[in-house]
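*Asks:* Using this note's numbering, you'd call the opening residue of the first sequence number 37 and step up by one each time.
Quick one: this structure, given as C-alpha cells, is what I'll be asking you about.
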Amino acid sequence: MPELPEVETTRRGVGPLLEGRRVSAVNVRNPNLRQPVLASLPQRLTGLTLRAVERRAKYLLFRFDNGFLIVHLGMSGSLRIVEPRTAFRKHDHVEITFDATHCLRLHDPRRFGLMVWTEEPPKDHALLRHLGPEPWDEQFSGAYLHAGARRRQAAVKNYIMDSRIVVGVGNIYASESLYRAGVHPNRAAGRISRTRYDAIVVAVREVLEEALELGGTTLRDFVHSDGEPGYFRVRLRVYGRAGEPCECQGGLIRQIVIGQRSSFYCPRCQR
DNA sequence: CTTTACGCCTGACGGC
DNA sequence: TGCCGTCAGGCGTAAA
C-alpha cells in the first residue's frame, strides 16, 4: 500500500533514469484502472521528451513539454523499469518505453491506480485542486491544525487523513503518528490543544521521514528485472499489532474501526 | 457546511 | 485439496 514515502521513493527511483529521454512506444495492456486509461495515450505521448518526474501528495507528475502524465499507485500499484522484451507479469497494465531502452511498467493488481493526461497545470486539475499542504510545508503546523479543527467533531485520525487538511497521511502512518504523539485516534479533532497538535505534526514528519530513509536503501529495486520495490520495513509500533503488549508494558494494543478503517492504539499511552 | 457510506478490485487467509 | 466468504484499503463521489 504505497503511502507518501513509497511514492516519493518511486519518484526518486525512476526520475533520474528517465528524465531527458524520449517516449518511443506506449503499450496499454489493460486500460481499466480507476479511470480508464485514455485510448489515445500512445499517440499523445510517443515522441515527447520527459522533462521531470515531480510529485504532489501521492500523485506522480511526469512533466512533458506540453502536459503532464498524472500517475497514482492506489492501493497496490508500483512502477519499475525493465529492459525491452522482459516478460510481462500478470497485472502489468501499462508500459511506456523511453529511447527504446528503458521500459517503465505500471503494475497494479487491484487497479485502484490511475494514469491520466492533462495539459493544464496539475495544481488546477480536478484531482489535485483541493489538496492541502505537504507534511513538510511550513504551513503544516500545530497552529494550522488547531485552527482548522475548531468545532470539528470528527475523530482526529480522520482529520489528519483528510487530504484537504494535509496530504500523504495514510491509514498506517496515521495510527503510528498518533501513537507517537500520545493522542487517542478517536478523540474529536476540535478537542485537542494547540500543544498536542504541535506533537502530532512532529510525529507525522518523523514517521514519514523514517520511512523515506528506509526507502532510500531500496532504490536499486526499481531497475531490477525481478524486483519489487517492496514495502518498507518501518517498525510499526501499533499498526497490525492488536492484542500485543505495547512497548510501555502497561497495556495491550487495541484495534477499533474509525471511518470504516482499522485503527490501532495503546489505551495507556494515548488519551 | 461537515460527516458518513459506498464502490472500485484482487489476493491472502480461515473455515469447512 | 479446493471452494467460498470475508477482509483489507486510497480516494472520489453520493448521500445524509
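Even for Gly, the Cβ is constructed at its ideal location relative to N, Cα and C.
In whole angstroms, what is the alpha-carbon distance linking R165 and P281?
*Replies:* 42 Å
*Asks:* Please work out which residues of its chain come closer than 6 Å, Cβ to Cβ, to T231, disregarding the five sequence neighbours upstream and downstream, and give them in chain order.
*Replies:* none
*Asks:* With a 10 Å radius around its C-beta and 16 neighbouring C-beta atoms as the bar for buried, classify N102 as buried or exposed.
*Replies:* exposed
*Asks:* By DSSP's criteria, F134 is part of a beta bridge. Which residues make up the other side?
*Replies:* V59, H138
*Asks:* My guess is that G83 and V50 are in contact by the Cβ rule of under 8 Å, so how many angstroms apart are they, rounded?
*Replies:* At roughly 20 Å, the Cβ-Cβ gap does not stay under 8 Å, so G83 and V50 are not in contact.
*Asks:* Quick check on the burial criterion: 16 or more other C-beta atoms within 10 angstroms. Buried or exposed for P221?
*Replies:* Answer is buried; the Cβ neighbour count reaches 16.
*Asks:* So does the segment 228-245 actually touch the segment 180-196, counting three or more Cβ pairs closer than 8 Å?
*Replies:* yes
*Asks:* Using C-beta distances below 7 Å, list every residue in its chain close to R47, excluding the 5 sequence neighbours before and after it, in chain order.
*Replies:* V89, R91, L96
*Asks:* Please confirm whether L74 and W153 have their CB atoms less than 8 Å apart.
*Replies:* yes
*Asks:* Mind checking whether P38 and G113 have CB atoms under 8 Å apart?
*Replies:* yes
*Asks:* I'd like to know if the segment 128-145 and the segment 61-76 are in contact, where contact means that at least 3 CB-CB pairs between them fall below 8 Å.
*Replies:* With three or more CB-CB distances shorter than 8 Å, the segment 128-145 counts as touching the segment 61-76.
*Asks:* Over the uninterrupted alpha helix (DSSP H) stretch that includes S213, give me the two end residues.
*Replies:* 207-217
*Asks:* On a CA-only basis, which of S213, G251, K94, F134 is nearest E78? Give me that one, please.
*Replies:* This sequence places Pro at residue 78; Glu is not what is there. Put simply, of S213, G251, K94, F134 the residue whose alpha carbon is nearest the alpha carbon of P78 is F134.
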